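Student: Residue numbers (our numbering): 16 to 305. The following block contains the structure, expressed as structure tokens.
In structure tokens, the structure reads:
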């Protein structure tokens, strides 16, 4: 058992790292907050000045604002649904003894190591292209018409790309949880006559519940900042059909050079992320306390 002296020594040793991390996080956030109350355009710096909450009002009144919030939530919820369900199924599959099991696991996990812009380019030009893509060839093979994914169904297309990237992460975490299940419990359930579905519902799934909540929490934090996939594929269009909140902030900052409005949007994005993370943390906390 740690004594008060060892606890104090531990706090003293980690204090520099904590302070450095705090400064590293708080300084950019403070600058963003300060710029959100300023009228600042790098192309016309003479108009600099304090404007109060005008930037927030202008960003909120943007026709794309509510659509971007909706697209952000749709993207997060859809990708979570696909990756959690798909991760559970893939974990169950590759946990079974098979020839070349190690190679299969490497192939399943490998998409997670592909950079988002590269993955988006591959999907855009090689898989979802309306003329030369794999999906177009499959559609023509069965006598159908190719689909212009990024023109007709931009959000589903982006959801597929992002889910493809995050599915390996969910699979890896859930597979680790699945392999930690006590073999004696599974054998006892089999001896009691429980079938595969019953064992999955009453034994496997409850055992994986903590891993599922961790996957949901971590992915939610990162999915709220998806940006590169949209920039490479749809550029937020058609119209605002695939514009999420981070991409709207990018448009204001680097296309329109409205740094104040972009900073206001960044603060709103931080608030949204903290709200979502708060409820996710509560869900995780309740699950871990069980």
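Note that beta-carbon positions come from the ideal geometry of N, C-alpha and C, so glycine has one too. Please read these numbers as outputs of a predicted model, since none were measured by experiment.
1) In terms of residue numbering, what span does the alpha helix (DSSP H) encompassing residue 81 cover?
2) Please work out which residues of its chain come closer than 7 Å, Cβ to Cβ, to residue 16, disregarding the five sequence neighbours upstream and downstream, and give them in chain order.
3) Less than 7 Å separating the beta-carbons of residue 99 and residue 235?
4) Is residue 53 helix, strand or coil by DSSP?
5) When DSSP labels each residue in this structure, what does residue 157 get in the three-state scheme?
6) Hey, residue 176 and residue 249 are a contact pair by Cβ (cut 8 Å); roughly how many whole angstroms apart?
7) Strictly by DSSP, which residues pair up with residue 65?
8) Could you please give the first and the last residue of the uninterrupted alpha helix (DSSP H) stretch that includes residue 180?
9) Please classify residue 244: is it buried, with 16 or more other beta-carbons within 10 angstroms of its beta-carbon, or exposed?
10) Would you say residue 276 and residue 73 are within 7 Å of each other, going by their C-beta atoms?
11) With H, G and I counted as helix, E and B as strand and the rest as coil, what does DSSP make of residue 144?
12) Measuring straight from C-alpha to C-alpha, what distance separates residue 28 and residue 19?
13) Is it buried or exposed, residue 257, if we count other Cβ atoms within 10 angstroms and call 16 or more buried?
14) Mind checking residue 153: buried by the 16 CB within 10 Å criterion, or exposed?
15) Are there 16 or more other CB atoms within 10 angstroms of the CB of residue 138, so buried, or fewer, so exposed?
16) Is it the case that the region 180 to 195 contacts the region 149 to 169, given that we only count it when at least three CB pairs across the two stretches are under 8 Å?
17) Check each candidate in 213, 135, 126 and 240 and name the one with the smallest Cα separation from residue 187.
18) Might you give, ordered along the chain, the residues of its own chain that have their beta carbon closer than 7 Å to the beta carbon of residue 65, omitting 5 neighbours on each side?
19) Residue 236 lies in the alpha helix (DSSP H); which residues open and close that run?
20) Can you tell me whether residue 262 is buried or exposed? The criterion is at least 16 other CB atoms within 10 Å of its CB, across all chains shown.
21) Is the region 152 to 172 in contact with the region 107 to 125, if contact means three or more CB pairs nearer than 8 Å?
22) To the nearest angstrom, report how far apart residue 85 and residue 104 are at their CA atoms.
23) So, for residue 310: in the same chain, excluding its five sequence neighbours on each side, which residues have a beta-carbon less than 7 Å away from its beta-carbon?
Tutor: Reading off the structure:
1) Walking along the chain shown from the start, residue 81 turns up at place 66. Start and end: 80 to 109.
2) Here residue 16 is taken as the residue at index 1 of the chain shown, counted from 1. Residue placement at residue 16 cannot be trusted, given a pLDDT of 47 that sits under 50; the coordinates are not used to answer.
3) The residue given as residue 99 occupies position 84 in the chain shown. The residue given as residue 235 occupies position 220 in the chain shown. Going by C-beta atoms, residue 99 is not nearer than 7 Å to residue 235.
4) Sequence index remark: in the chain shown, residue 53 carries index 38 (1-based). The answer is strand: DSSP assigns residue 53 an E or B state.
5) Position 142 of the chain shown, counted from the start, is the residue given in the question as residue 157. Reduced to three states, the DSSP call for residue 157 is coil.
6) Taking the chain shown and counting its residues from 1, the one referred to as residue 176 is at position 161. Taking the chain shown and counting its residues from 1, the one referred to as residue 249 is at position 234. Residue 176 to residue 249, Cβ: 10 Å. No contact.
7) Locating residue 65 in the chain shown gives position 50, counting from the first residue. DSSP output for residue 65 lists 53 as bridge partner(s).
8) Walking along the chain shown from the start, residue 180 turns up at place 165. 169 to 194 is the span of the alpha helix (DSSP H), which, as asked, contains residue 180.
9) Position 229 of the chain shown, counting from 1, holds the residue named residue 244. Under this definition residue 244 is a buried residue.
10) Residue mapping note: residue 276 aligns to position 261 of the chain shown, counting from 1. Residue mapping note: residue 73 aligns to position 58 of the chain shown, counting from 1. In contact: residue 276 and residue 73 (Cβ atoms closer than 7 Å).
11) Translated into the one-based positions of the chain shown, residue 144 becomes position 129. Looking at residue 144 - three-state DSSP - the assignment turns out to be coil, as it is neither helix nor strand.
12) Numbered from 1 along the chain shown, position 13 holds the residue referred to as residue 28. Numbered from 1 along the chain shown, position 4 holds the residue referred to as residue 19. Rounded to whole angstroms, residue 28 to residue 19 spans 14 Å at the Cα level.
13) Working through the chain shown from its first residue, we reach residue 257 at position 242. Residue 257 is classed as buried because its beta carbon has at least 16 other beta carbons within 10 Å across all chains shown.
14) Residue numbering aside, residue 153 sits at position 138 when the chain shown is read from its first letter. Result: exposed.
15) Looking up residue 138 in the chain shown gives position 123. Its Cβ being crowded by 16 or more others within 10 Å, residue 138 is buried.
16) The count of Cβ pairs closer than 8 Å, one atom from the region 149 to 169 and one from the region 180 to 195, stays below three, leaving the stretches out of contact.
17) Along the chain shown, read from residue 1 onward, the residue named residue 187 stands at position 172. Out of 213, 135, 126 and 240, 126 has the C-alpha closest to the C-alpha of residue 187.
18) Stepping through the chain shown from its first residue, residue 65 is reached at position 50. Cβ neighbours of residue 65 beyond the five flanking positions: 52 and 53.
19) As a first step, residue 236 must be located in the chain shown, where it is residue number 221. First-last of the alpha helix (DSSP H) with residue 236: 220 to 238.
20) Here residue 262 is taken as the residue at index 247 of the chain shown, counted from 1. So residue 262 counts as buried.
21) no
22) To locate residue 85, count along the chain shown from 1; it is residue 70. To locate residue 104, count along the chain shown from 1; it is residue 89. Each residue's Cα considered, the two are about 29 Å apart.
23) Residue 310 lies beyond the stretch modelled for the chain, which goes from 16 to 305, so this question has no answer here.
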